[in-house]
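When the letters of the sequence shown are read in order and numbered with our numbering, they come out as residues 4 to 226.
To keep things clear, I will list the structure first and then write my remarks on it.
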Amino acid sequence: MAVSSNTRSVTALEGARERMVRTQLLDRGVNDPRVIDAMRKVPRHLFVEPALVNRAYDDDPLPIGAKQTISQPYIVGYMLQALALKGTERVLEIGTGSAYQTALLAELCANVFSVEKLRNLAVQGRAVLDELRYYNVAIHVGDGTLGWSEHAPYDAIVVAAGAPRVPEPLAQQLAFGGRLIIPIGDRTSQVLKLASRTPNGLEERSLGECRFVKLLGKYGWPG
Ligand code: SAH
């Protein structure tokens with residue numbers, strides 16, 4: 004019967020999500036309780052193509068069309084943990100993509116402002132966020148290397164694509180004391196940088212190697 008097989012598959016996906024949380028996050032040091040609660044709650048399988056639903060909780064990035072990927076769960080959890088959000092922040096996200104990380108941010112802060120270059124992905128992401136009733140998210144289609152000045156300053160900025168350097172507008176739109184996380188490097192491998200804005204400029208530290216798709220745009224790679 005359709006109903007019971009649907010129920011079974013939902014239970015299987017929930018089981019896979021719980022295993023993801025334990026083996027890919029907690030066992031590897033992503034243990035901020037707010038991040039863990041959010042990753043236990045947000046149904047990642049709704050953010051991947053129907054054909055890939057059974058791989059939604061695998062330890063991998065997955066294609067989302069237009070040569071883009073939904074990031075591996077671990078790196079998403081790791082970046083969110085590094086932002087140390089308390090729940091009151093206004094956060095700018097560059098590279099909405101599937102909007103999976105956007106949904107997690109919606110759980111973890113007060114307001115999310117997300118910029119995506121590709122209209123199709125933004126529209127698709129918005130639909131899933133609406134279905135899940137994340138109404139504290141605004142999405143803008145455009146070049147995220149310019150930030151989103153109307154809503155600045157932001158308490159945190161998270162960039163989900165690799166850039167040659169920190170785009171200057173993002174540094175300017177970060178609040179004093181705010182945190183910015185961004186992969187910086189060449190086209191094939193990057194170092195994840197965590198920066199905080201001080202009166203003397205950005206103070207940066209490196210968190211480790213990572214690999215993201217390219218951040219295109221005026222202050223990113225030429226498209
Ligand atoms: N967090 C997303 C990651 C998507 S991949 C997820 O897990 O689904 C990175 C995304 O950045 C892609 O959707 C790509 O289209 C987008 N992107 C690349 N350059 C951009 C730019 N300058 N402004 C906004 N989005 C950009």
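From the three backbone atoms N, C-alpha and C, an ideal C-beta is built for every residue, glycine too.
Bear in mind the structure is a predicted one, so any value in this text is a computation, not a measurement.
Check: What is the C-beta distance between P108 and V115, in whole angstroms, given that I count them as a contact (C-beta under 8 Å)?; Outcome: In the sequence as displayed, the identity of residue 108 is Leu instead of Pro. Indeed they touch by this definition, with Cβ atoms about 5 Å apart.
Check: Is the separation between the beta-carbon of V131 and that of A166 shorter than 9 Å?; Outcome: no
Check: What is the residue span of the beta strand (DSSP E) that D158 lies within?; Outcome: 157-162
Check: In this structure, how does DSSP classify K221 when only helix, strand and coil are distinguished?; Outcome: coil
Check: Leaving out five residues before and five after R43 in sequence, what residues of the same chain have Cβ atoms less than 6 Å from its Cβ?; Outcome: V24
Check: With a threshold of 6 Å on Cβ separation, who are the neighbours of L183 within its own chain once the five nearest residues in sequence on each side are excluded?; Outcome: I160, L177, A198
Check: Kindly identify the DSSP beta-bridge partner or partners of G165.; Outcome: K217
Check: On the CB-based measure, 16 or more other CB atoms within 10 Å of its CB, does E206 come out buried or exposed?; Outcome: exposed
Check: Might you give, ordered along the chain, the residues of its own chain that have their beta carbon closer than 6 Å to the beta carbon of A174, omitting 5 neighbours on each side?; Outcome: L205
Check: Is it true that the segment 47-54 meets the segment 66-73, where meeting means three or more beta-carbon pairs spaced less than 8 Å apart?; Outcome: yes
Check: Measuring only from the beta carbon, is D146 closer than 8 Å to any heavy atom that is part of ligand 1?; Outcome: yes
Check: Using a 10 Å radius around the Cβ and a threshold of 16 neighbouring Cβ atoms, would you call V237 buried or exposed?; Outcome: With the chain represented from 4 up to 226, any question about residue 237 goes unanswered, as that position is not in the structure.
Check: How would you write the range of the beta strand (DSSP E) that T72 sits in, first residue to last?; Outcome: 71-73
Check: Helix, strand or coil: which one does DSSP assign to V6?; Outcome: Any reading at V6 needs caution, since the residue's pLDDT is 48, under 50, leaving its predicted position unreliable; the model's value is listed next. Of the three classes helix, strand and coil, the one that applies to V6 here is helix, per DSSP.
Check: Run through DSSP, which three-state label would L173 get?; Outcome: helix
Check: My understanding is that I67 touches V51, with C-beta atoms under 8 Å, so please give their C-beta distance in whole angstroms.; Outcome: 7 Å
Check: Pull up the distance between the alpha-carbon of I187 and that of D62, whole angstroms please.; Outcome: 23 Å
Check: Answer with buried or exposed for D133, where buried requires no fewer than 16 other C-beta atoms within 10 angstroms of its C-beta.; Outcome: exposed
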